[in-house]
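Heads up, the thing below is written out as structure tokens.
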Amino acid sequence: MLCPVQVIKGRLAKAGDEETLLFGHHCALVNHRVPLTEDVLLRFLKSIHRVDQEVGLTGHSFWVGGASLRYALGVPVAEICELGSRT
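FYI, in the working numbering the residues of the sequence shown are 25 to 111.
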């Protein structure tokens with residue numbers, strides 16, 4: 025099973041000191057990494073798997089997943105709460 029924490033740790037190790045996108049992909053059209061946003065990912069998933077809100081994948085899924093991942097990586101709860109506030 026794929027562990028998201030190990031994936032993120034691997035991505036961070038690969039990036040090293042370089043300032044780069046954590047979630048992105050190489051775009052041949054512009055020849056550099058471009059950000060992978062929630063909207064882009066949802067559009068992609070809908071196009072290949074017919075994922076929609078009936079399945080239960082919404083923006084909230086990304087908020088919960090992000091909070092869980094940060095917690096697993098050792099980010100303090102207070103910081104996660106601050107990041108999650110929509111003020």
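Cβ atoms here follow ideal geometry from the backbone N, Cα and C, with glycine treated the same way. Just so we're clear, the structure is a prediction, and the values are computed from it rather than from any experiment.
- Item | Other residues of its chain near A91: CB distance less than 7 Å, five sequence neighbours each side excluded | The count along the sequence shown starts at 1 and reaches residue 91 at position 67. Counting only Cβ-Cβ distances below 7 Å, and skipping sequence neighbours, we find I104, G108.
- Would you call the CB atoms of A96 and V31 closer than 7 Å? Here the question's residue 96 lines up with position 72 in the sequence shown. Here the question's residue 31 lines up with position 7 in the sequence shown. Not a contact, by the Cβ cut-off of 7 Å.
- Query: Going by DSSP, what residues sit across from C51 in a beta bridge?
  - Reply: In the sequence shown, counting from the first residue as 1, residue 51 sits at position 27. Partner(s): H56.
- Task: Return the CA-CA distance between A52 and L36, expressed in angstroms with no decimal places.
- Result: Taking the first residue of the sequence shown as position 1, residue 52 is located at position 28. Taking the first residue of the sequence shown as position 1, residue 36 is located at position 12. A52 and L36: Cα-Cα distance of roughly 23 Å.
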